[in-house]
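Scroll down for the structure; my scribbles are underneath it.
In the numbering used here, the protein residues as written are 1 to 213.
Set out below in structure tokens:
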């Protein structure tokens, strides 16, 4: 995968993207997990500030469209009040997908849903991880292979023996770890990528964009 020649312009909740129908905000929803009050807050923001619609992205995030150029401050205040903006510095790096039906049927090896807030918190606690691009993706897969197929930068796949298998694109093999080590492992993998990107002298956004070796 070629290395981007420009900086990361991926939209976020605080960095609005200018589109044909106005400005667009992308709100990261780790694991696609929302409380009813948070869903209501998003719906009201879309009605009051945008086109009254919420778009769902392929990564389980939410987009508000047709926003005025000066809507950023009001939107940020609403998101913060709804606990959807726990760290403004990290808001674009909270790209975490998890098996949507995990814990709701018998298809997976383990319920990975409880790991979502723990992994998210581990990333938010370190100022260094705010340097990740808005495209860097973490995946938690309960063993059925749904999110593992998304070519995430850091994938943790539940195994039949109760462990997680951590894999990185282009790196052979996997690292086995117990589920309670998932937050620390995700954090360590993020720092490893950032160090490798700096050492390579590239502007890589994702693991697959790092030069070989």
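Glycine included, every Cβ here is placed at the ideal spot set by N, Cα and C.
In summary, residue 78 is buried, with 16 or more beta-carbon neighbours lying within 10 Å of its beta-carbon over all protein chains present. Fewer than three pairs of CB atoms, one per stretch, sit closer than 8 Å, so the segment 143-151 makes no contact with the segment 17-33. DSSP places residue 46 inside the alpha helix (DSSP H), whose first and last residues are 36-49. For residue 116, the enclosing alpha helix (DSSP H) has its first and last residue at 115-124. Taking 8 Å as the upper bound for CB-CB distance, residue 138 and residue 126 are not in contact here, some 14 Å apart. Counting along the chain, residue 189 sits inside the alpha helix (DSSP H) bounded by residues 182-200. Taking a contact as a CB-CB distance under 8 Å, the pair residue 124 and residue 90 counts as one, their CB atoms being some 5 Å apart. For residue 26, the enclosing beta strand (DSSP E) begins and ends at 22-27. Sorting 96, 195 and 197 by C-alpha distance to the C-alpha of residue 183 places 96 at the top. Inter-segment contact for the segment 66-80 and the segment 116-123 is absent: fewer than three beta-carbon pairs are separated by less than 8 Å. Taking the Cα positions, residue 205 is about 5 Å away from residue 133.
Distance from the Cα of residue 59 is smallest, within the candidate group 99, 158, 52 and 111, for 99. Pairing residue 54 with residue 46 gives a Cβ-Cβ distance under 8 Å. Annotated three-state conformation of residue 78 is helix, per DSSP.
Restricting attention to 10, 83 and 168, the CA atom closest to the CA of residue 30 is found in 83. Look at residue 171 here: in three-state DSSP terms it is coil, with no helix or strand label.
Assigned with DSSP and collapsed to three states, residue 18 falls in strand. In the structure shown, residue 207 falls within a helical segment according to DSSP collapsed to helix, strand and coil. Assigned with DSSP and collapsed to three states, residue 165 falls in strand.
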